[in-house]
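The sequence shown runs 1 to 299 under UniProt numbering. Heads up, the beta-carbon is just placed ideally off N, CA and C, and yes, glycines get one too.
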Amino acid sequence: MDQALFVFVTVADKGSFTRTAEELHMTQPAVSQYIAALERTTGTKLLERTNKYVRLTKAGYIVYHHAKEIIGQYTRMQALIDDLMHIASGPISIGASYTFGEYVLPHAIARLSERYPLIQPTITIGNTREIAEAILNHEIDVGIIEGEYEDKKLLIEPFAEDVMEIVVAKNHRLSSEEDIAARALESETWIVRETGSGTREAADRMFSGLRLHPRKLMEFGSTQIIKESVEAGLGITLLSQWAIRKESALGTLRTIRVKGTPITRQFSLVTGATPFHTKAAQLFIELLRETRWTASTEL
């Protein structure tokens with residue numbers, strides 16, 4: 001790999017030639033020489049440098065974006081080569097959308113660590129769209145998303161079903177009702193996730209399927225905040241059974257039955273369109289495929 005690219009990315013990330021020299025255990029003049037060589041190669045200035053700051057130029061932003069991708073691809077290539085000679089070990093970067101990431105993934109990581117203690121996972125949590133984009137940008141090795149998502153540049157494989165139910169506070173007027181009509185929910189305040197979230201996509205699909213037109217929507221960017229808000233009586237919501245396991249057991253949240261519910265969706269594996277994965281990534285993928293993931297199962 002071109003060392004100049006690595007030095008350049010480090011300067012951009014650190015915002016300093018001095019801190020880069022300290023990080024890479026080299027002299028500051030050596031850092032400057034690498035940057036100058038890269039600028040000669042590209043034929044343009046890549047950094048604006050003063051006594052107060054170091055900033056990327058417009059050309060620098062382009063080189064930085066592609067350099068990050070090149071470094072990521074080189075690292076993955078080296079990991080694949082190393083896997084041919086060693087037992088399962090090393091880093092794996094996993095991205096997951098909120099429901100799976102916060103309520104299911106910890107159980108998966110525990111199983112992975114029990115079987116392969118030398119594998120070192122790092123976790124990124126985001127909504128479905130963000131995780132898919134992270135795979136495309138080579139920022140993570142494996143992604144798990146919720147609901148429906150399509151991109152020809154990605155391999156998307158459903159591996160588990162998620163059940164979603166309408167959730168209310170324990171003292172809500174509908175908490176003890178049976179056979180509730182959808183129209184009875186139109187006057188309720190619905191608390192939903194942001195656009196791009198798999199949970200929001202499921203809620204919108206439910207509204208359409210039930211011909212339900214909520215008069216008031218509140219949009220929150222966190223499942224935990226939604227649960228707290230429903231418990232406080234602020235509104236009702238649609239959430240995965242995984243997300244409300246503890247609250248259901250404690251009785252602070254209840255589910256209600258409406259014709260056309262519960263709603264089901266898929267948890268799906270997302271990887272780049274390549275047949276090659278590190279051993280750590282392949283073992284994690286196999287673990288997800290072989291496990292029966294249901295919210296009613298004690299893990």
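{"query": "Inspect the CB distances between the region 116-136 and the region 150-165 and report whether three or more fall short of 8 Å.", "result": "yes"}
{"query": "If A243 and K227 are in contact, beta carbons under 8 Å, what's the gap, nearest whole angstrom?", "result": "7 Å"}
{"query": "Am I right that I140 and P121 are in contact with their C-beta atoms under 8 Å? What's the rounded C-beta distance?", "result": "Wrong, their Cβ atoms sit about 11 Å apart, outside the cutoff."}
{"query": "Looking at the structure shown, is L174 part of a helix, part of a strand, or coil, going by DSSP?", "result": "coil"}
{"query": "Measuring only the C-alpha atoms, how far is R111 from R40?", "result": "50 Å"}
{"query": "On the three-state DSSP scale, how would you describe T57?", "result": "coil"}
{"query": "Is it the case that the Cβ atoms of G90 and T278 are separated by a distance below 8 Å?", "result": "yes"}
{"query": "When the Cα of F220 is compared with those of A21, I125, R193 and Q33, which residue comes out closest?", "result": "R193"}
{"query": "For F267, which residues does DSSP report across the bridge?", "result": "E146 and A160"}
{"query": "Spatial neighbours of L210 within its chain, please: CB distance less than 6 Å, with the 5 preceding and 5 following residues excluded, ordered by chain position.", "result": "A182 and G260"}
{"query": "Just mark I225 as buried or exposed, buried being the case when its beta carbon has 16 or more other beta carbons within 10 Å.", "result": "exposed"}
{"query": "Taking a contact to mean a Cβ-Cβ separation below 8 Å, would you say I256 touches V168 in this structure?", "result": "yes"}
{"query": "Between which two residues does the alpha helix (DSSP H) harbouring V9 extend?", "result": "Q3 to K14"}
{"query": "For S175, which of M77, I70 and G233 has the nearest alpha-carbon?", "result": "G233"}
{"query": "Going by C-alpha distance, which of A79, E146, H107 and V54 is nearest Q282?", "result": "A79"}
{"query": "Assign H216 to one of three DSSP states: helix, strand, or coil.", "result": "His is not the amino acid found at residue 216; the sequence shown has Lys there. The answer is strand: DSSP assigns K216 an E or B state."}
{"query": "Going along the chain, which residues of its own chain have a beta-carbon closer than 8 Å to the beta-carbon of residue 305, five neighbours each way excluded?", "result": "Only positions 1 to 299 of the chain appear in the structure, and residue 305 is not among them; the question remains open."}
{"query": "When we look at the beta-carbon of I119 and count the other beta-carbons within 10 Å, is it buried (16 or more) or exposed?", "result": "buried"}
{"query": "Can you give me the C-alpha to C-alpha distance between T199 and Q3, rounded to a whole angstrom?", "result": "43 Å"}
{"query": "Please classify S97: does DSSP put it in a helix, a strand, or coil?", "result": "strand"}
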